[in-house]
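Engineer: Chains as they are written, first to last, in our numbering: chain A, 33 to 163; chain B, 33 to 163; chain C, 33 to 163; chain D, 33 to 163; chain E, 33 to 163; chain F, 33 to 163. A virtual CB, placed ideally from N, CA and C, is assigned to each residue, including glycine.
There are 6 protein chains.
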Amino acid sequence: MTFPIEEWQAKAGEVAARLHPAGPMPLARNGMAELDPELASLVQVLARGKYYADDTVDLKTRALCTMACLVAIGEQRYLENWMGNAITAGATVDEITSILGQLFVYVGTPRAVTAYDALVAVRDRIEAAGS
Amino acid sequence: MTFPIEEWQAKAGEVAARLHPAGPMPLARNGMAELDPELASLVQVLARGKYYADDTVDLKTRALCTMACLVAIGEQRYLENWMGNAITAGATVDEITSILGQLFVYVGTPRAVTAYDALVAVRDRIEAAGS
Amino acid sequence: MTFPIEEWQAKAGEVAARLHPAGPMPLARNGMAELDPELASLVQVLARGKYYADDTVDLKTRALCTMACLVAIGEQRYLENWMGNAITAGATVDEITSILGQLFVYVGTPRAVTAYDALVAVRDRIEAAGS
Amino acid sequence: MTFPIEEWQAKAGEVAARLHPAGPMPLARNGMAELDPELASLVQVLARGKYYADDTVDLKTRALCTMACLVAIGEQRYLENWMGNAITAGATVDEITSILGQLFVYVGTPRAVTAYDALVAVRDRIEAAGS
Amino acid sequence: MTFPIEEWQAKAGEVAARLHPAGPMPLARNGMAELDPELASLVQVLARGKYYADDTVDLKTRALCTMACLVAIGEQRYLENWMGNAITAGATVDEITSILGQLFVYVGTPRAVTAYDALVAVRDRIEAAGS
Amino acid sequence: MTFPIEEWQAKAGEVAARLHPAGPMPLARNGMAELDPELASLVQVLARGKYYADDTVDLKTRALCTMACLVAIGEQRYLENWMGNAITAGATVDEITSILGQLFVYVGTPRAVTAYDALVAVRDRIEAAGS
Numbered sequence: 033m034t035f036p037i038e039e040w041q042a043k044a045g046e047v048a049a050r051l052h053p054a055g056p057m058p059l060a061r062n063g064m065a066e067l068d069p070e071l072a073s074l075v076q077v078l079a080r081g082k083y084y085a086d087d088t089v090d091l092k093t094r095a096l097c098t099m100a101c102l103v104a105i106g107e108q109r110y111l112e113n114w115m116g117n118a119i120t121a122g123a124t125v126d127e128i129t130s131i132l133g134q135l136f137v138y139v140g141t142p143r144a145v146t147a148y149d150a151l152v153a154v155r156d157r158i159e160a161a162g163s
Numbered sequence: 033m034t035f036p037i038e039e040w041q042a043k044a045g046e047v048a049a050r051l052h053p054a055g056p057m058p059l060a061r062n063g064m065a066e067l068d069p070e071l072a073s074l075v076q077v078l079a080r081g082k083y084y085a086d087d088t089v090d091l092k093t094r095a096l097c098t099m100a101c102l103v104a105i106g107e108q109r110y111l112e113n114w115m116g117n118a119i120t121a122g123a124t125v126d127e128i129t130s131i132l133g134q135l136f137v138y139v140g141t142p143r144a145v146t147a148y149d150a151l152v153a154v155r156d157r158i159e160a161a162g163s
Numbered sequence: 033m034t035f036p037i038e039e040w041q042a043k044a045g046e047v048a049a050r051l052h053p054a055g056p057m058p059l060a061r062n063g064m065a066e067l068d069p070e071l072a073s074l075v076q077v078l079a080r081g082k083y084y085a086d087d088t089v090d091l092k093t094r095a096l097c098t099m100a101c102l103v104a105i106g107e108q109r110y111l112e113n114w115m116g117n118a119i120t121a122g123a124t125v126d127e128i129t130s131i132l133g134q135l136f137v138y139v140g141t142p143r144a145v146t147a148y149d150a151l152v153a154v155r156d157r158i159e160a161a162g163s
Numbered sequence: 033m034t035f036p037i038e039e040w041q042a043k044a045g046e047v048a049a050r051l052h053p054a055g056p057m058p059l060a061r062n063g064m065a066e067l068d069p070e071l072a073s074l075v076q077v078l079a080r081g082k083y084y085a086d087d088t089v090d091l092k093t094r095a096l097c098t099m100a101c102l103v104a105i106g107e108q109r110y111l112e113n114w115m116g117n118a119i120t121a122g123a124t125v126d127e128i129t130s131i132l133g134q135l136f137v138y139v140g141t142p143r144a145v146t147a148y149d150a151l152v153a154v155r156d157r158i159e160a161a162g163s
Numbered sequence: 033m034t035f036p037i038e039e040w041q042a043k044a045g046e047v048a049a050r051l052h053p054a055g056p057m058p059l060a061r062n063g064m065a066e067l068d069p070e071l072a073s074l075v076q077v078l079a080r081g082k083y084y085a086d087d088t089v090d091l092k093t094r095a096l097c098t099m100a101c102l103v104a105i106g107e108q109r110y111l112e113n114w115m116g117n118a119i120t121a122g123a124t125v126d127e128i129t130s131i132l133g134q135l136f137v138y139v140g141t142p143r144a145v146t147a148y149d150a151l152v153a154v155r156d157r158i159e160a161a162g163s
Numbered sequence: 033m034t035f036p037i038e039e040w041q042a043k044a045g046e047v048a049a050r051l052h053p054a055g056p057m058p059l060a061r062n063g064m065a066e067l068d069p070e071l072a073s074l075v076q077v078l079a080r081g082k083y084y085a086d087d088t089v090d091l092k093t094r095a096l097c098t099m100a101c102l103v104a105i106g107e108q109r110y111l112e113n114w115m116g117n118a119i120t121a122g123a124t125v126d127e128i129t130s131i132l133g134q135l136f137v138y139v140g141t142p143r144a145v146t147a148y149d150a151l152v153a154v155r156d157r158i159e160a161a162g163s
């Protein structure tokens, strides 16, 4: 099987430009990118080029699904990143709040509160940047 | 604070009719419903009446987010249930497949394969019912 | 089905007064309470009014069970909160220490040490307040 | 440091007799007991002899705490075992049901339903044995 | 960045031949392979070609590490698969048993017993095939 | 059954000397050691004396397996500790980096990035100490 890596790379660049119009995303400076840049790059190319760029599902819905998955994993840094991406892709704080209410039922309060706290942090950063 | 329980109950009934047009959902016959029917009923009224029925976010997007959250939790029975709900709300097997590919990046293969296996089971049931 | 919400609210107030005689609990100022106060309030009314206030099981045993559940989830903030509640409801640091030893067998050292660390923090706060 | 192993062994035997008056517990025939009987035995001696036998906390409360911890881990086989132990130590199905309602708030529906289903299985086995 | 996909594919084939001398591995017939064969293939090429084939770490140590990681995740199907791979790569049942004892300390009994049970199943299959 | 506790204690001391030639390990000052020193001591004697000291599997492989298990659990403090132990037992940063790439496939990016970040921290500490 051959993989359309160049095509994914081109599309991944377009998604990156849509999600991070002001420049490269902050998570790019993590330990995986430092210690195994080939893996970090391939994972981004695959995720963005094969999936986030594929309009079978629109980018806003995809960002919300990734966020919903992360609510159950409970990593606040990733949650803030993908809540920001969802908002960049067109979601509102009200929409995310309403989805978190629905997800509380499946994950319970500790995980849900971590997610609400992440959303408060993202909202406050956006408001501070906009004022 | 007062809670609009009656309004949620009415809206929850509408959501139930949309998600389960052929009758009550199979999960209703679980241990929570048998041992603590008041809690099971309140959880359904809250989830469906306050959230799933709230068109701040459309029902298809909500069902996909619940499914994405369950991918990380890894419960096959719930996954099949919500994949079926997402399809009833308008999602296609191709859309769900494409979202699972994106979620693989965050949860890894064991959880992702559980989700793909659930989707195969749901698809096969739908095809068997339709033939 | 109708839900005795007013009755739960009354009982929830009594439980809150028992668990937090000095005033409202600190966790009340979290992201869920800020972004979705209706859900945060209903969850408290349900948990405290229907369960913690129900003397089928005494409040001390209930607080210890919630703590034991949180040991497996591993959220230090919630652990400290419920260890404090268990102590308010009559548990001692020695009793909680003895339960943590038993739970180590099921959760392993990383989760167990998080719980012991939480208990050290709670004990130190109580001793500092009492001196 | 020396460890009072013989004392724990004697106390562990008393706890085993209280929890399993009809004979050895079924979980004793697991893979750990077969492949590493020394570890399996030491873990039982430690858990039962140092903790479950220690009346700093009564056996019923301990069994309920272990069950509450397992609700968050979500292993049905262990849940059924410890719900049975809690009942042997004096708990009722109503008490366990009431505790599961309280724990739902922290773990969400998939984990809670697994626990309610385990309790239904335990209750049905007890009723079948008693009739 | 360019990725040496063809090189990984060649090396992945060599690893597959070492791990599954009798033919393709059973897990290849899962839902991911059926619904998204491109992703399933890329994941195998990456894992086997870039990592398992890289003799920075020998294959036996790598298989034991994957198994140790899966002990914490708790998926019996994957555990059996990688215990089998570790044995094919030169590990013995005694070595795996000794590693499981060490991992018990970090994961607790429910996860550890799942792993010991998986090892009993793998050992019994090997003995049945050899007799 | 009798347990060779004194033999384990002697062997555990040798392992401790190998893993922490400069003195006692930092984790020894945790809440478990403070609140239940008998349990903390027995767990160390068991882990080090019965398993880490047992040359059925060499200490470097054991440390890598414990690290791999902790990658899935996701506790950064423990990860740093065992990455340091693996390096003391002979592993290199390159070997650990290569194993983390392989484990990414099973745990996904949030857990993998936590592990790479831990390895960066350990490597930086070693380099700072060596310069």
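1) Determine, using beta carbons only, whether alanine 48 of chain A comes closer than 8 Å to chain B.
2) Comparing the C-beta of tyrosine 148 of chain F with each C-beta of chain A, is any distance below 8 Å?
3) Can you pull out the residues from the region 86–105 of chain A whose beta carbon lies closer than 8 Å to at least one beta carbon of chain I?
4) Once the 5 residues before and after methionine 64 of chain C are set aside, which same chain residues still bring their CB inside 6 Å of it?
5) Which residues in the same chain have their Cβ closer than 7 Å to the Cβ of alanine 150 of chain E, if we skip the five residues on either side of it in sequence?
6) Any C-beta of chain D sitting closer than 8 Å to the C-beta of serine 163 of chain C?
7) Please compile the residues from chain D whose C-beta is within a distance smaller than 7 Å of the C-beta of isoleucine 2 of chain F.
8) Determine the direct distance from the alpha carbon of glutamate 38 of chain F to that of leucine 102 of chain A, and round the result to whole angstroms.
9) Look up glycine 140 of chain A in the DSSP assignment and say whether it is helix, strand or coil.
10) Under 8 Å, Cβ to Cβ, is there at least one residue of chain E near leucine 151 of chain B?
11) Residues in the same chain with beta-carbon distance under 6 Å from arginine 94 of chain E, minus the five sequence neighbours each way, listed in chain order, please.
12) With phenylalanine 35 of chain D and leucine 74 of chain F assumed to form a contact (beta carbons below 8 Å), what rounded beta-carbon distance in angstroms separates them?
13) Take the Cβ of alanine 161 of chain B as the centre, count every other Cβ of all protein chains shown within 10 Å, and call the residue buried at 16 or more, exposed below.
14) Only counting the same chain, and skipping five residues up and downstream in sequence, which positions put a Cβ closer than 7 Å to that of glycine 122 of chain A?
15) At least one CB of chain E closer than 8 Å to the CB of proline 69 of chain C: is that the case?
16) Classify arginine 80 of chain D as buried or exposed, calling it buried when 16 or more other Cβ atoms lie within 10 Å of its own Cβ.
17) Could you work out which residues of chain B lie near glycine 133 of chain E, taking near to mean beta carbons separated by less than 7 Å?
18) Determine, using beta carbons only, whether glutamate 127 of chain E and threonine 98 of chain F come nearer to each other than 8 Å.
19) Could you tell me if alanine 42 of chain F is buried or exposed, where buried requires 16 or more neighbouring beta carbons within 10 angstroms of its beta carbon?
20) Taking buried to mean at least 16 other C-beta atoms within 10 Å of its own C-beta, is threonine 129 of chain A buried or exposed?
21) Taking C-beta pairs closer than 7 Å, name the residues in chain D that valine 139 of chain A reaches, listed in chain order.
22) Under three-state DSSP, which class holds aspartate 90 of chain F?
23) Which class does asparagine 62 of chain C belong to by DSSP, given the choice of helix, strand or coil?
24) Among D/Pro142, D/Thr146, D/Glu159, D/Thr141, which residue has its Cα nearest to the Cα of valine 125 of chain D?
25) Within the same chain, show all residues whose beta-carbon is closer than 7 Å to that of glutamate 46 of chain B, passing over the 5 residues directly before and after it, in chain order.
26) Let me confirm a value: glutamate 61 of chain D is counted as buried when at least 16 other C-beta atoms fall within 10 Å, else exposed. Which label applies?
27) Are any of the Cβ atoms in chain F nearer than 8 Å to that of glutamate 112 of chain A?
28) Taking the alpha-carbon of leucine 96 of chain C as reference, which of C/Lys82, C/Thr120, C/Leu78, C/Val77 has the nearest alpha-carbon?
29) According to DSSP, is threonine 34 of chain A part of a helix, a strand, or is it coil?
30) Do you know offhand how far asparagine 117 of chain D's Cα is from alanine 118 of chain B's?
31) So what does DSSP say about serine 178 of chain C, is it helix, strand or coil?
32) At least one CB of chain A closer than 8 Å to the CB of glutamate 159 of chain C: is that the case?
33) Counting only beta-carbon atoms, is leucine 74 of chain C nearer than 8 Å to chain B?
Structural biologist: In terms of the structure at hand:
1) no
2) yes
3) Here chain I cannot be found, since the structure's protein chains are A, B, C, D, E and F.
4) Ala72
5) Gln108, Leu111, Glu112, Met115
6) no
7) Past the edges of chain F, shown from 33 to 163, lies residue 2 of chain F, and the structure says nothing about it.
8) 47 Å
9) coil
10) yes
11) Tyr84
12) 6 Å
13) exposed
14) Lys92
15) no
16) buried
17) Within chain B, no residue comes near glycine 133 of chain E; the closest Cβ sits about 23 Å away, beyond 7 Å.
18) no
19) exposed
20) buried
21) Gly140
22) coil
23) coil
24) D/Glu159
25) Ala85
26) According to the sequence provided, residue 61 of chain D is arginine. The question's glutamate does not apply to it. With fewer than 16 other Cβ atoms within 10 Å, it is exposed.
27) no
28) C/Thr120
29) coil
30) 40 Å
31) A query on residue 178 of chain C cannot be resolved here, the shown segment of chain C reaching from 33 to 163 and no further.
32) no
33) yes
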